[in-house]
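With our numbering applied, the sequence shown covers 6 to 348. Backbone N, C-alpha and C define an ideal beta-carbon position, used for all residues, glycine too. A quick write-up on the structure given underneath.
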Amino acid sequence: MGSMSDTTPGLVCGHHHLYSALARGMPAPPVQPTDFRSILEQIWWRLDTALDLEMLRWSAMLGAVEALQCGTTAIVDHHESPNAIEGSLDVIAEACAEVGVRVSCAYGVTDRHGPDGARRGLAENERFLRAGGRGMVGVHAAFTCDDATLEAAADLARRTGVGVHIHVAEGVDDVAAGERLAALAADDWLIVHCVHLDRPLAGTIAHNPRSNMNNAVGYARPTAWANPVVLGTDGIGADMLEELRLAYVALRAHDVTATPDTVWTWLEEGYRFFPEARTDRVRWSYDHADSAWHVAFTPGIRAIDVVSGDGEVLLRDGRPTRVDLDEVRAKATEQARRLFTQL
Ligand SMILES: [Zn+2]
């Protein structure tokens, strides 16, 4: 990369939560969150509990459309909806397929809802994968699972030939993750955040700089590890050039000798999860969109057209071709209203 071109391959979001697309504008929690743990309790765990499959469908559809509008043609998703587990991964996969965005699905297994909740989460991963779904075995995080659940998830991943997609040491509450996962983790795992990871752990690291700043969990220092690194948004949209610029300036804040080439490699590592996204083409509003040094210092670059590897136009003049943008937005607004009533 580095020639003068207004096109690139499709981009990959290495860690997303499509279920969070409706969260914007949600009612303020009853108690003001003051740290990472209370942000989970007051915001995300109340939100995921209120989700049903109809809300999820339009949340995923809106998230997929917004990804495509940012030139992101592939998403590694991590999902939780404890009161609508069965079939939830199909709903996400189908919504993305309708829009024309590639997706890898995972259900975030946790013991937060008792042993039955964990069992049903594992079963949803297994059901989806055995039916031929593209995905990984999801685990919320070590600190919300007991050892038996972590072992069961790792075992299911081995048996189904995929990796585990898990949050690792995102906040200080999960500092024991490295120790507890050391004997389980493998190279095909996707280990997300790793801000407070205290030892090397096998897998690809998903770095989510915007989310980490938003939760005040600290800087993850992804260059400190030998692992491959991919960029994710952790549910805050899927604008990977925006995430790249933020990743770059966060890196520079800690190392003024760092260059944009480093964060560009994180973007490209996304193709290890979706090699075929390299065959998608995105045309951008800027004529050096393939240059790390240009993109790092050029806010507001927009995707104009997206053409899939097999030649289908998926985005034309910034609008999705397969679904009606206005209808998706209207339905998502309707479902967001239902969700907010539940909250
Ligand atoms: Zn996440």
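{"Asked": "Cβ shell of His145 (< 8 Å), same chain only, five flanking positions each side left out", "Found": "Glu85, Gly113, Val114, Thr115, Arg117, Ile171 and His172"}
{"Asked": "Cβ-heavy atom distance, Val197 to ligand 1, below 7 Å", "Found": "yes"}
{"Asked": "Where the beta strand (DSSP E) through Val106 begins and ends", "Found": "Counting along the chain, Val106 falls outside any beta strand (DSSP E), and DSSP gives it neither H nor E."}
{"Asked": "Closer than 7 Å: Gly126 CB and nearest ligand 1 heavy atom", "Found": "no"}
{"Asked": "Asp239 CB to nearest heavy atom of ligand 1 below 7 Å", "Found": "yes"}
{"Asked": "Thr326 to Gln74 span [Cα, whole Å]", "Found": "11 Å"}
{"Asked": "Ligand 1 heavy atom lying under 7 Å from the CB of His172", "Found": "yes"}
{"Asked": "Sufficient close CB pairs (3 or more, under 8 Å) joining the stretch 162-181 to the stretch 127-137", "Found": "yes"}
{"Asked": "Of the residues Arg286, Cys110 and Phe278, the one placed nearest Asp192, counting alpha carbons only", "Found": "Phe278"}
{"Asked": "For Val333, three-class secondary structure by DSSP", "Found": "helix"}
{"Asked": "Proximity test, His20 beta-carbon vs ligand 1 heavy atom, cut-off 7 Å", "Found": "yes"}
{"Asked": "For Asp82, three-class secondary structure by DSSP", "Found": "strand"}
{"Asked": "In DSSP terms, what Gly140 is bridged to", "Found": "Cys110"}
{"Asked": "Member of Gly208, Arg185, Ala181 and His201 whose CA lies at the smallest distance from the CA of Trp194", "Found": "Gly208"}
{"Asked": "Distance between Val254 and Tyr291 (C-alpha atoms, nearest Å)", "Found": "20 Å"}
{"Asked": "Local conformation of Leu87 per DSSP, three classes", "Found": "In the sequence as displayed, the identity of residue 87 is Pro instead of Leu. Coil, per DSSP."}
{"Asked": "Residue range of the beta strand (DSSP E) that includes Arg321", "Found": "Val318 to Arg321"}
{"Asked": "Own chain partners of Gly7 with C-beta closer than 6 Å, once the 5 adjacent residues on each side are dropped", "Found": "Low confidence applies to Gly7: its pLDDT is 46, below 50, so where it sits in the model is not reliable enough to give any reading."}
{"Asked": "Bridge partners - His293, DSSP secondary structure assignment", "Found": "In DSSP, His293 forms no bridge with anything."}
{"Asked": "Buried versus exposed call for Val70 [16 or more other C-beta atoms within 10 Å across all chains shown]", "Found": "buried"}
{"Asked": "Assigned secondary structure, Arg324 (DSSP; H/G/I helix, E/B strand, else coil)", "Found": "strand"}
{"Asked": "Limits of the unbroken beta strand (DSSP E) element including Thr209", "Found": "Thr209 to His212"}
{"Asked": "Cα-Cα separation between Pro349 and Arg324, rounded to whole angstroms", "Found": "Here the chain has residues from 6 to 348 only, and residue 349 is not among them."}
{"Asked": "Contacting residues, own chain, Cβ-Cβ under 6 Å from Leu246 (five flanking each side not counted)", "Found": "Val300 and Ile306"}
{"Asked": "In DSSP terms, what Cys18 is bridged to", "Found": "Ile80"}
{"Asked": "C-alpha distance - Ala337 paired with Val261, whole-angstrom precision", "Found": "42 Å"}
{"Asked": "Distance between beta carbons of Gly275 and Leu16, contact taken as under 8 Å", "Found": "7 Å"}
{"Asked": "Residues near Ala158 by beta carbon distance below 7 Å, same chain, minus five either side", "Found": "Val114, Leu127, Val142, Val144 and Val169"}
{"Asked": "Uninterrupted alpha helix (DSSP H) stretches inside the stretch 256-291 (no shorter than 4 residues)", "Found": "265-274"}
{"Asked": "Whole runs of the beta strand (DSSP E) within the stretch 207-249, excluding any shorter than 3 residues", "Found": "209-212 and 234-236"}
{"Asked": "For Ala146, the residue or residues it bridges with in DSSP", "Found": "His172"}
{"Asked": "Whole-angstrom C-beta distance between Asp11 and Trp289, which should lie under 8 Å", "Found": "5 Å"}
{"Asked": "CB contact check: Gly140 to chain C, cutoff 8 Å", "Found": "The structure shown contains no chain C, having only a single protein chain."}
{"Asked": "First through last residue of the alpha helix (DSSP H) which encompasses Gly310", "Found": "The residue asked about is misnamed: residue 310 is Asp in this sequence, not Gly. Unbroken run through Asp310 is the beta strand (DSSP E), Ala308 to Val312; no alpha helix (DSSP H)."}
{"Asked": "Nearest to Gly183 (by Cα), restricted to the options Gly176, Asp203, Val222 and Val235", "Found": "Asp203"}
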